[in-house]
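Counting in this note's numbering, the sequence shown runs from 17 upward without gaps. Note that the Cβ used here is the ideal one computed from N, Cα and C, for glycine as well. This one's a predicted model, so the numbers in the text were calculated from it and none came from an experiment.
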Amino acid sequence: MTLFSPSSSWASEEHHLFSDSVQKFYEHEMVPKVENWNERGIVDRDFWLKAGAAGIMGGSVAEEYGGSGGDMGFDSVALYEQSRAGDGSWGYGIQSIVIHYITTYGSPEQKANWLPKLVSGEKIGALAMTEPGAGSDVQSIKTSAQKDGNQYTINGSKIFITNGQSADLVIVTSKTDKDAGAKGVSLIMVDTSKVDGFRRGKNLKKLGLKGNDTSELFFENVKVPLTNLIGEEEGQGFYQLMKQLPWERLLIGITALGAIDYALDQTVNYVQQRNAFGKRIMDFQNTRFKLAEVKTKAEILRSFVNDCISRLKENKLDAATASMAKWWGSQVQNEVMDECLQLHGGYGFMMEYPIARMYADARVQSIYGGTNEIMKELIARSIDK
Ligand SMILES: Cc1cc2nc3c(=O)[nH]c(=O)nc-3n(C[C@H](O)[C@H](O)[C@H](O)COP(=O)(O)OP(=O)(O)OC[C@H]3O[C@@H](n4cnc5c(N)ncnc54)[C@H](O)[C@@H]3O)c2cc1C
């Protein structure tokens, strides 16, 4: 299986060729390491560099910044294939989001400084919005960035930050004006190698996505130049977040599809081998019907995410539609993992079978990137105008 549906109007021959080469790269460089990453709780730097050299992270970045000058379809393929290869450890999803903040809002200096290194995997990015006291309600964040001469002084803490242990660049959602509500939010870059007062908490122990480092981050009088503000003026952060969230949400729908395709393959393989009552598990009508349902759900999701990628390419993917891809994709992913695990019987509960890890990894998809309840709120707003 691939990301493409027969009617993927956005996909060119280059996207198909890219898909083949990414698949091969993951097969050789990623699949053999997934178990080790899950045991260690982190992906090695070496893999980031190899993925950079293979051109995986620069698909939609301009050539002058080390990319290949394509569109978001390339990022979509790279993310789908990662999930399709059975991996949830490598933090490329967030890297891609960070790259797009910089390509969309960054100054020429920010672009020249960061994009080539993020594309090559030399630097790793993180996006820090969530705080211990503010998750869904982003506007109520407390982290402050106070202007102080030609610098900002950042104080506060963030939690559940993907790539938190490895990040060289953290985009910090901060309040530059605590009395201005959404208009007081700004995005500020922190180069973790260049500041004092920045500290990482421990690598958090999670239910799933165990190979992806997730951390609390602390900022104590961290000083950065005013030029680290993303965008031309303060107070644009909330607007910038809202404009980028459709990609973040679609990305979750795309990875849900990759995981479903992977789980279906794994399960078909298993039920064709295993016998009970003198026949293959595959031969029970219940198994056939369950797998027929999974296949149908996968194809419906494939059509929808392909439609969303076309809209994204034309800059027409609105918040409500992206929210549908996120909530529905992650919901279906969780249903499918449950059914596929059930068809494995007791072996499905054993971590040596990939379906057990896939089941655990799926759970967070309905939580991060905006919870599914928040997605439904956004969709409801588009109905009740
Ligand atoms: C593995 C992992 C990785 C993450 N990576 C990142 C990252 O890289 N960067 C980052 O900034 N954050 C990250 N997060 C944080 C994630 O985005 C938040 O956990 C999420 O937005 C929910 O916030 P919360 O946990 O504070 O839950 P809360 O906001 O406290 O919500 C608790 C419950 O209340 C519900 N709820 C809240 N408000 C409403 C409402 N208005 N209507 C109906 N129900 C509501 C929620 O849906 C949820 O069920 C990550 C989280 C995890 C688990």
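Counting C-beta pairs closer than 8 Å gives fewer than three between the segment 316 to 333 and the segment 355 to 373, which falls short of the contact rule. Apart from sequence neighbours up to five positions away, the residues of its chain that approach S24 with a beta-carbon distance below 7 Å are N322, ordered along the chain. Close CB contacts of T387 within its chain, under the 7 Å cut and outside five residues either way in sequence, are with S152 (chain order).
Boundaries around G141 are those of the beta strand (DSSP E), 141 to 144, since no alpha helix (DSSP H) includes it. In the DSSP assignment, F214 falls within the beta strand (DSSP E) that extends over 214 to 219.
Between G253 and L203, the beta carbon gap of about 4 Å places them in contact (Cβ cut-off 8 Å). Distances from the alpha-carbon of S173 to those of Y375, S231, L267 put S231 closest. Proximity of the beta carbon of T230 to ligand 1 is indicated: a heavy atom of the ligand is located closer than 6 Å. If you check the C-beta of F254 against ligand 1, you find no heavy atom less than 6 Å away.
In the DSSP annotation of this structure, P132 is not part of any beta strand (DSSP E); the continuous alpha helix (DSSP H) holding it starts and ends at 124 to 136. For P262, there is no enclosing beta strand (DSSP E); the enclosing alpha helix (DSSP H) has its first and last residue at 253 to 289. In this structure, ligand 1 has no non-hydrogen atom nearer than 6 Å to the beta-carbon of I72. For D164, the enclosing beta strand (DSSP E) begins and ends at 160 to 164. Between the alpha carbons of G200 and T192 lies a gap of roughly 5 Å. Taking the Cα positions, T178 is about 8 Å away from L143. Collapsing the DSSP output to three states places S173 in a strand.
DSSP places T189 within a strand segment (E or B) once states are collapsed to three. Within the segment 222 to 247, the complete beta strand (DSSP E) runs of at least 3 residues fall at 230 to 241. The nearest non-hydrogen atom of ligand 1 is less than 6 Å from the C-beta of I177. The residue from V135, S382, E330 with its alpha-carbon nearest to that of M340 is S382. Annotation for V201: the continuous beta strand (DSSP E) segment containing it runs 201 to 207.
The beta-bridge partner set that DSSP reports for E368 is empty. Under the three-state reduction of DSSP output, Y168 falls in the strand class. At least one heavy atom of ligand 1 lies less than 6 Å from the C-beta of T146. Between the beta-carbon of Y121 and that of G247 there is about 5 Å, and that keeps the pair under the 8 Å contact cut.
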